[in-house]
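Inspection log for the structure reproduced underneath, given as C-alpha cells.
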Amino acid sequence: MTTYRIHPIVMGTKIFDKGMMTYQHDYGKQYVIPIYCWYLEGGDRKILVDTGEMSPIISDDRQEAIGGRIHTFEEGLERWGLKPEDIDLVIHTHLHNDHCENDYKCCNARFMVHRRELERIHDPHPLDFRYLEDYIEDVEENGQIEVVDSDVRAAEGIRLIHTPVHTEGGLSVAVDTDRGLAIITGFCVIRENFFPPASVRAMEMEVIPPGTLVNSYRAYDIMLEIKKRADILIPLHEPGFAGVETI
Numbered sequence: 003m004t005t006y007r008i009h010p011i012v013m014g015t016k017i018f019d020k021g022m023m024t025y026q027h028d029y030g031k032q033y034v035i036p037i038y039c040w041y042l043e044g045g046d047r048k049i050l051v052d053t054g055e056m057s058p059i060i061s062d063d064r065q066e067a068i069g070g071r072i073h074t075f076e077e078g079l080e081r082w083g084l085k086p087e088d089i090d091l092v093i094h095t096h097l098h099n100d101h102c103e104n105d106y107k108c109c110n111a112r113f114m115v116h117r118r119e120l121e122r123i124h125d126p127h128p129l130d131f132r133y134l135e136d137y138i139e140d141v142e143e144n145g146q147i148e149v150v151d152s153d154v155r156a157a158e159g160i161r162l163i164h165t166p167v168h169t170e171g172g173l174s175v176a177v178d179t180d181r182g183l184a185i186i187t188g189f190c191v192i193r194e195n196f197f198p199p200a201s202v203r204a205m206e207m208e209v210i211p212p213g214t215l216v217n218s219y220r221a222y223d224i225m226l227e228i229k230k231r232a233d234i235l236i237p238l239h240e241p242g243f244a245g246v247e248t249i
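For what it's worth, this note's numbering labels the leading residue of the sequence shown as 3, then goes sequentially.
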C-alpha cells in the first residue's frame with residue numbers, strides 16, 4: 003500500500019471579509035487566508051494539488067497574519083528538491099485563478115480537472131469573476147489535461163471525490179497516509195467551517211458552508227460527509243498549516 007506525506011506550501015494570500023469563508027457568519031471582520039500548493043510525497047510520481055499564485059505578495063504583515071512564510075512557485079518547490087518541470091501530476095481542486103496560475107510552468111505534468119470546472123472557466127457566470135481561462139490555455143493546448151467526470155483514483159493511494167460545494171466541479175483529494183485517510187477539501191474553507199464556535203452549534207449547525215457556494219443545503223450535507231470520512235481533515239485555506247512542513 004502506497005502512503006504519502008502531505009507538505010503544505012504557501013504560494014499566496016488573500017485579505018478579505020471573513021464572511022467570504024463563513025456563510026452567514028462573521029461579516030465585517032478582516033481575514034487573511036493562505037493559498038496553498040500541496041506536495042504529496044510518496045509513490046513513484048511527483049504530485050501536486052493546485053499550483054497557487056503566479057506573483058504572490060510577500061510581506062512581513064501577511065506572513066505574520068498566517069503564521070508562516072509565503073513562497074513563489076519555484077522557491078516553494080525547491081524546499082523539497084523539486085523544479086516545475088519535475089512535476090508528473092497536478093490535481094486541481096477547482097480552477098479559480100489562485101489555484102492554477104502556475105500551471106504553465108509544469109510542462110511535463112498531467113492535469114486532472116473536473117469537466118464542470120473546464121466548462122466554467124471558458125464560460126463563467128457573471129457572478130464568478132475568479133475564472134480566468136488565460137491560466138490554463140497553455141496546458142489545454144498542449145493536451146495535458148485529463149478530464150474527470152466522477153469519483154476516480156488519481157494514483158495508488160489517492161482518490162478524487164466530486165464535492166460541488168464552492169464550485170460545480172470541485173474535487174476533494176483523499177490521500178492515504180500512515181496516520182489514516184487525509185482529505186484535502188475541494189472547496190475554500192478554514193477549520194472553523196468544520197468546527198464552528200458554540201454560538202453556531204447552539205443553532206444546531208454542525209458545519210458552516212463557505213461564503214461562496216453553489217447550493218447552501220447541498221454544501222452543508224457534503225461537508226458533513228467529508229468530515230465523517232476523514233481521519234485527517236485539511237480545509238483548503240486553513241492558516242494553521244502555513245507554518246507546518248508536513249501534515
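Beta carbons: idealized from backbone N, C-alpha and C, even for Gly.
Can residue i and residue j be called in contact, C-beta distance under 8 Å?
i	j	result
K85	L91	no
E148	R112	yes
R64	I72	yes
H94	D52	yes
T4	D180	no
S157	R47	It should be pointed out that residue 157 corresponds to Ala in this sequence rather than to Ser. Closer than 8 Å, so yes.
I68	V12	yes
L162	M205	no
G45	G159	yes
R118	Y133	no
V202	H9	no
A200	G70	no
C190	Y137	no
I185	I249	no
H124	E135	yes
G21	Y38	no
Can you name, in chain order, every residue of its own chain whose Cβ lies under 6 Å from the Cβ of residue i, other than the five neighbours on each side?
i	result
D233	G182, L183
H116	V150, G171, L173
I192	M23, P237, H239, E240
Out of the options, point me to the one whose CA is closest to residue i's CA.
i	options	result
D223	E77, F197, S201, T165	T165
G14	L238, T248, E119	L238
C108	N144, I68, P126	N144
Q32	H9, E43, F18, C39	F18
D100	P241, R122, P36, P126	P36
I89	R161, A176, M207, E76	E76
I59	G70, K16, H96	K16
L120	H96, V175, D62	H96
Might you give, ordered along the chain, the residues of its own chain that have their beta carbon closer than 7 Å to the beta carbon of residue i, omitting 5 neighbours on each side?
i	result
L215	Y25, V167, H168, A221
E87	C109, N110
Y106	D140, V141
D146	In the sequence as displayed, the identity of residue 146 is Gln instead of Asp. Same-chain partners within the cutoff: A111, R112, F113.
V246	P10
What does DSSP give as the partner residue(s) for residue i in the beta ladder?
i	result
M23	Answer is none; M23 lacks a bridge partner.
H9	Y41
K85	K85 pairs with nothing; no bridge assigned.
Y29	Answer is none; Y29 lacks a bridge partner.
L50	Y41, V92
Spatial neighbours of residue i within its chain, please: C-beta separation below 8 Å, excluding the five flanking residues on both sides.
i	result
N195	M23, T24, V209, I210, P211, P212, M225, P237
V34	T15, K16, I17, R64, A67, I68, P241
R155	R161, L162
Please tell me whether, using a cut-off of 7 Å, the distance from the CB of residue i to the nearest non-hydrogen atom of the ligand ZN is below it.
i	result
W40	This structure lacks the ligand ZN, and indeed carries no ligand of any kind.
Exercise for the section: Tell me the start and end of each unbroken beta strand (DSSP E) in the stretch 122-188 that is at least 3 residues and wholly inside, in chain order. Expected result: 147-150, 154-157, 160-164, 173-179, 182-186
Practice task
Give, in chain order, every unbroken run of the alpha helix (DSSP H) that is at least 4 residues long and sits entirely within the stretch 56-83.
Solution key: 62-68, 75-80
Handout entry: Any alpha helix (DSSP H) of 4 or more consecutive residues that is wholly inside the stretch 188-240
Key = 193-196, 200-203, 218-231
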